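> Chains as they are written, first to last, in our numbering: chain A, 1 to 331; chain B, 332 to 662; chain C, 663 to 873; chain D, 874 to 1084.
C-beta atoms are modelled at their ideal positions from N, C-alpha and C, and glycine is treated no differently.
Nothing here was measured: the structure is a model prediction, and the numbers come from that model.
Mind looking over this structure? Questions follow.
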Amino acid sequence: MKKFVNDPADVLAEALRGIHAAHPELRIDTENRVILRGEPTREGKVALVSGGGSGHEPMHGGFVGRGMLDAAAAGEVFTSPTPDQVLAATQAVDSGAGVLHIVKNYTGDVLNFEMAAELAAAEGVRVESVVVADDVAVQDSTWTAGRRGTGTTVILEKIVGALAEEGADLDAVAALARRVSEAGRSMGVALTSCTVPAVGHPTFELPDDEMEVGVGIHGEPGRTRVKLASAHEIAKLMVDPIVHDFGEPVGPAIVLLSGLGGTPLIEQYLLYGEIAPLLAEAGVDVQRVLIGDYITSLDMAGASLTVVKADDEFLRLWDAPVVTPGLRWGA
Amino acid sequence: MKKFVNDPADVLAEALRGIHAAHPELRIDTENRVILRGEPTREGKVALVSGGGSGHEPMHGGFVGRGMLDAAAAGEVFTSPTPDQVLAATQAVDSGAGVLHIVKNYTGDVLNFEMAAELAAAEGVRVESVVVADDVAVQDSTWTAGRRGTGTTVILEKIVGALAEEGADLDAVAALARRVSEAGRSMGVALTSCTVPAVGHPTFELPDDEMEVGVGIHGEPGRTRVKLASAHEIAKLMVDPIVHDFGEPVGPAIVLLSGLGGTPLIEQYLLYGEIAPLLAEAGVDVQRVLIGDYITSLDMAGASLTVVKADDEFLRLWDAPVVTPGLRWGA
Amino acid sequence: MSDAVTTDDLVAWIRAFRDAVQEHRDELTALDSAIGDADHGSNMARGLDAVVAKLETPPASPAELFKTVGMTLVSSVGGASGPLYGTFFLRIGPALTDPADATALGAALRAGTEGVVARGKAEPGDKTMVDAQLPALAAWDDAVASGADARGAAAAAAQAAEQGRDATAPLVARKGRASYLGERSAGHIDPGAASSALLFRTLSDTLAARG
Amino acid sequence: MSDAVTTDDLVAWIRAFRDAVQEHRDELTALDSAIGDADHGSNMARGLDAVVAKLETPPASPAELFKTVGMTLVSSVGGASGPLYGTFFLRIGPALTDPADATALGAALRAGTEGVVARGKAEPGDKTMVDAQLPALAAWDDAVASGADARGAAAAAAQAAEQGRDATAPLVARKGRASYLGERSAGHIDPGAASSALLFRTLSDTLAARG
Ligand SMILES: Nc1ncnc2c1ncn2[C@@H]1O[C@H](COP(=O)(O)OP(=O)(O)O)[C@@H](O)[C@H]1O
Ligand SMILES: Nc1ncnc2c1ncn2[C@@H]1O[C@H](COP(=O)(O)OP(=O)(O)O)[C@@H](O)[C@H]1O
Ligand SMILES: [Mg+2]
Ligand SMILES: [Mg+2]
Ligand SMILES: [Mg+2]
Ligand SMILES: [Mg+2]
């Protein structure tokens, strides 16, 4: 395993140490492994709390800051955080206006956030939850734990964070979060496996001439394994199921093409050069686009595409100022 | 080779297509492979032109925009651009106030930019050049082509871009560029080789238990190959030669820890957690820090550390607004 | 009554469960690599290490023991298995008489599994830990009905859990992370079923060792 | 004069150089992988393909030919080899009589190498293309002094260039990207010296084929 690590058991604690050193504007609750804004939540502002397994950086800790999250609970690598962690985050940022939990739809995340929400409610904190389930690779959601939550989470955190910053109340914030969540679809492709530090070897074996289509961000195998294809063909494998899943014409949209951690930017741009015309052809009118590593899967070579159907409110809030380690503009 | 590519010969042209699609605020001169700001250079503003081989994204094209570069010439992968490209970039952005060429110290870059500067001068454009040579891995510069230019380039482009934006003249801009260049030192470590798309296999073979210390950003082998070490030990291998090379106490500094393309952010933060205390111990007073993929080497797993001794002017200009795909704040 | 299971026995069980999970840690992770995300071994090992650390202060009763075990798992494991195993133990405690005979212990274990089902909504055949637990409980009750003591019931349960574990292999997962794989999840044993088989095997071994 | 080298011969040489570089492309890149950045083969191949495309319109004179070759290499190769090989050809043209005998061609080639040295400041033994070119020029002059015609001189030069190429192996690089390697550059042939050996070998082959 070729990684910058010491004892694999210490990866999370030590990464938090680095985040602390690099971002004096944030606070780190070392014991609970929670990343928080430097300032307490403004009176009356609804707080946004997210979290999940580590290994997806900059998500979520890198999205803590003005205009986005108030706190993020960092689980072990690929393991959702515990209720204690989420509760600590929730209590630390509640100003009395309530807290929105942003949860990606994995059994572990859902159960742990659910328990945390129950505990927080018992402590008198008003909590609403939104569960993001945007991964179209999971086709038959009747027979599964439902779709996984992936890239839409990033876009949701930005948009809803902006509304919370404007002072909207918890119901309005939660309602918007659900609207964004429902407007998003994602699809990922892996060219290689990732390697979990505590395991020390790749999660799955992928022959040199194959790739995983519909891979999950935890390095779970995808729906199908196919022959390695050109960027042009891969773009189709990503765009088609998303467009098909929307069913209706998409129109204006916010698009995220995220590298999964081991794919350099030059390839991401090349891939986007193939994706853009396909989206246009399919009637997706790309209003805003982000390209880079925003939701990753450790060192996996691959990419995920997210399309969020966007109305004017989404776009206005998208453009609002944001100041976080992972996303910054307007300030 | 597991990459998002079509024909490896088309990587650069197709990546530029993606950049064009993703960044409507920029202009792309497709024929000359130059990335330019959307707006012509403001009357009286000195223009900054950089460039180099591709494969280091976001450098340089991702640093084109307000407060940083005016244009970047993109060579083939790991091959410096030709004089024609640099000339086209230079002529396109000169407002009459002259152009600063920011060149990394590699024979190819130096020769091609030199020829371009001669051609531009013949066309009546005033050109000044700064050559960045900050890589302390190259010890004996008397017997080499001199030190390579690496991470200091990014910091220089930001700081000097801010001064140019303020309306300083070419001499002042060039003088500041030389000051920044002299204030910077870098050191890189590779855990794996990169794979050049046109080659299709790794540039060098690195056994599972070894790493390259002092690797170049073109995947050139480093100065020494040693046993794979812990993040703690690697941090020392990066910090010590930099601090030693400064010789004098460093004091206030701007620090960049850049992933080389295949190293995920969680590892970069973990590594920085080891670097930060070592810098503090050595008397480096880190005033600003950037962590992420800023100067890469295709898909290489590895990282490079850059320390720029910073005075108040550097810090003021660092904090000035910048709006580029790769670096953005204050606007 | 020689059938009585004491707090000490139960503490010994939890310690044995930790040791078994540590021993099979890489195996559990390998199972989770095939159809999940390669962390079930480290998740369970981390949680049970934390549990055993807490047991330095010996619990006074089974109720206290299982509250500690459950709470510690919930707060140190994360993932799907943290809340599910946590709930399992949290539900056992209150349902247990002290000391417990085979019938009482069987009822308490059933309360645990019912907690897992209530939390996770898994049905039999969904390819989860429940598919090792339910057959174990059924075997337990059968053994008790045939006159077995706790030791005998636990032995029968362990064997049934292992059969249940193995029977998850051909199933297509419908819960948890493996469900995303659809048909491709078939052909692999469920990691949670494997750790649950260890749970019953170590209970049986502990009661057997006690003589 | 049977010794006279014509524009057509020189065009044939450049085409043959392109073909040889294409044929040895991976080899040149492999040499550059060992002590550089694995692009010398593709750099030279790309540049010479562009050159040959330009030669669709046949040049009227050696001067025109080499201006086209030099400019095209400069504007399509990049890297260190673009300006250096570009300068080489740009300097040959003006120095050449038309048609040229062995002496004139030797002088023109020398002007080319002097251009490379002027641009790149490499000294003999720095482990660069110059270490193949200088011995080739010396051998050329010796052959001419012994009465050889262009064909004979080119044959001697090609052999000397190949010896020069091989002799770069033990050297420690002091110019170009390989110099960063220090002592570790020893033990590998310089890629630019290898392409320069092809340059002289194809000249020799072209003149030999002409009969
Ligand atoms: N809804 C559920 N009900 C019961 N057991 C479940 C459920 N979802 C998952 N599991 C169990 O959890 C195991 C996975 O645990 P683990 O790998 O630790 O968590 P995660 O899936 O979050 O990475 C599965 O093998 C399965 O037995
Ligand atoms: N200063 C120099 N003078 C002469 N030749 C040089 C010089 N620097 C480099 N070279 C030659 O250029 C070759 C490398 O060319 P190439 O790989 O195409 O460019 P780059 O080094 O920019 O990747 C070296 O093998 C060497 O022969
Ligand atoms: Mg997990
Ligand atoms: Mg090169
Ligand atoms: Mg798992
Ligand atoms: Mg090279």
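Taking Ala607 of chain B as the reference, give the member of B:Gly480, B:Ala468, B:Ala584, B:Thr627 with the closest Cα.
Comparing Cα positions, the closest option is B:Ala584.
> In chain B, which residues lie with their C-beta within 7 angstroms of the C-beta of Lys104 of chain A?
The contacting residues do not exist; Lys104 of chain A stays about 17 angstroms from chain B at best.
> Between Glu157 of chain A and chain B, is the shortest Cβ-Cβ distance under 8 angstroms, so that the two count as touching?
Judged by the 8 angstroms Cβ criterion, Glu157 of chain A is not in contact with chain B.
> Could you tell me which residues DSSP pairs with Gly515 of chain B in its beta bridges?
Gly515 of chain B is bridged to B:Val639.
> Can you list, in chain order, the residues of the region 554-581 of chain B whose Cβ is nearer than 7 angstroms to any Cβ on chain D?
The residues in question are Arg554.
> Using CA atoms only, rank isn't needed, just tell me which of C:Ala696, C:Val667, C:Arg863, C:Arg687 is closest to Thr203 of chain A.
The candidate whose alpha carbon is nearest that of Thr203 of chain A is C:Ala696.
> Residue range of the beta strand (DSSP E) that Pro583 of chain B falls in?
Here the beta strand (DSSP E) through Pro583 of chain B covers 582-590.
> Should Asp701 of chain C be listed as close to ligand 5, given that the test is whether its C-beta is under 7 angstroms from any heavy atom?
Yes - ligand 5 has a heavy atom lying nearer than 7 angstroms to the Cβ of Asp701 of chain C.
> Buried or exposed, going by whether 16 or more other CB atoms sit within 10 Å of the CB of His391 of chain B?
The residue is buried, with at least 16 neighbouring Cβ atoms inside 10 Å.
> Roughly how many angstroms separate the alpha carbons of Arg836 of chain C and Gly844 of chain C, rounded to a whole number?
Taking the straight line from one Cα to the other gives about 8 angstroms.
> Skipping 5 residues on each side, what residues in its chain have a beta carbon closer than 8 angstroms to that of Lys489 of chain B?
These residues qualify, in order along the chain: Phe394, Gly398, Met399, Leu648, Trp649, Val653, Leu658.
> According to DSSP, Met211 of chain A sits in a beta bridge with which residue or residues?
Answer is A:Val226.
> Anyone know if the C-beta pair for Gly55 of chain A and Gln85 of chain A falls short of 8 angstroms?
Contact flag unset, no.
> Using a 10 Å radius around the Cβ and a threshold of 16 neighbouring Cβ atoms, would you call Met874 of chain D buried or exposed?
Low confidence applies to Met874 of chain D: its pLDDT is 41, below 50, so where it sits in the model is not reliable enough to give any reading.
> Count Cβ pairs between the region 282-301 of chain A and the region 126-145 of chain A that sit closer than 8 angstroms; are there 3 or more?
Not touching, per the Cβ criterion.
> Hey, is Gly283 of chain A's beta-carbon within less than 8 angstroms of any beta-carbon in chain B?
For Gly283 of chain A, the answer is no, since every Cβ of chain B falls outside 8 angstroms of its Cβ.
> Taking all protein chains shown into account, decide if Lys334 of chain B is buried (16 or more other Cβ within 10 angstroms of its Cβ) or exposed.
Buried, because 16 or more other Cβ atoms sit within 10 Å of the Cβ of Lys334 of chain B.
> Since Val380 of chain B contacts Asp360 of chain B with CB under 8 angstroms, what's their CB separation in whole angstroms?
Going by Cβ atoms, the distance from Val380 of chain B to Asp360 of chain B rounds to 12 angstroms, so no, they are not a contact pair.
> Report the three-state DSSP secondary structure of Arg126 of chain A (helix, strand or coil).
The answer is coil: DSSP assigns Arg126 of chain A none of H, G, I, E or B.
> Cutting at 7 angstroms between CB atoms, please list the residues of its own chain near Leu278 of chain A, excluding the five before and the five after it.
These residues qualify, in order along the chain: Ala235, Lys236, Val239.
> Say whether chain B places a C-beta atom closer than 8 angstroms to the C-beta of Ala137 of chain A.
Not an interface residue.
> Name the two residues that bound the continuous alpha helix (DSSP H) containing Asp415 of chain B.
Here the alpha helix (DSSP H) through Asp415 of chain B covers 414-424.
> Is it buried or exposed for His532 of chain B, if we count other Cβ within 10 angstroms and need 16 for buried?
Exposed, because fewer than 16 other Cβ atoms sit within 10 Å of the Cβ of His532 of chain B.
> Quick one, which of A:Gly262, A:Leu206, A:Thr152 has its alpha-carbon nearest Lys309 of chain A's?
Answer by Cα proximity: A:Thr152.
> For a contact defined as C-beta to C-beta under 7 angstroms, what are the partners of Tyr1053 of chain D on chain B?
Correct list: Val469, Thr475, Arg479, Gly547, Glu551.
> Decide if Glu212 of chain A is buried, meaning its Cβ has at least 16 other Cβ atoms within 10 Å, or exposed.
When all chains shown are included, Glu212 of chain A counts as buried.
> Measure the C-alpha to C-alpha separation of Ala766 of chain C and Val125 of chain A and round it to an integer number of angstroms.
In a straight line, the C-alpha of Ala766 of chain C is about 39 angstroms away from that of Val125 of chain A.
> So Ser743 of chain C and Thr82 of chain A are in contact, right, with Cβ under 8 angstroms, and what is the actual spacing, rounded?
Not really, about 11 angstroms apart at Cβ, beyond 8 angstroms.
> Please identify the residue among D:Thr879, D:Gly1065, D:His897 whose C-alpha is closest to the C-alpha of Thr986 of chain D.
Cα-wise, what sits closest to Thr986 of chain D is D:Gly1065.
> Hey, which unbroken runs of the alpha helix (DSSP H) at 4 residues or more fall wholly within the region 758-846 of chain C?
Here the runs fully enclosed are 764-782, 792-807, 812-829.
> Would you list, in chain order, the members of the region 184-216 of chain A that have their beta-carbon closer than 7 angstroms to a beta-carbon of chain C?
The residues in question are Val196, Ala198, Val199, Thr203, Phe204, Gly216.
> Exposed or buried, what is Ala1067 of chain D when buried is set at 16 or more other beta-carbons lying within 10 Å of its beta-carbon?
So Ala1067 of chain D ends up on the buried side.
> Taking Cβ positions only, does Thr372 of chain B come closer than 8 angstroms to chain E?
Of the protein chains in the structure, A, B, C and D, none is chain E.
> Can you list, in chain order, the residues of its chain whose CB lies under 6 angstroms from that of Ala973 of chain D, leaving out five sequence neighbours each side?
The residues are Val878.
> Taking Cβ to Cβ, would you say Met917 of chain D is nearer than 8 angstroms to Val884 of chain D?
Contact: no.
> So, is His244 of chain A buried or exposed, given that buried needs 16 or more other C-beta atoms within 10 angstroms?
Counting Cβ neighbours within 10 Å, His244 of chain A comes out exposed, since fewer than 16 surround it.
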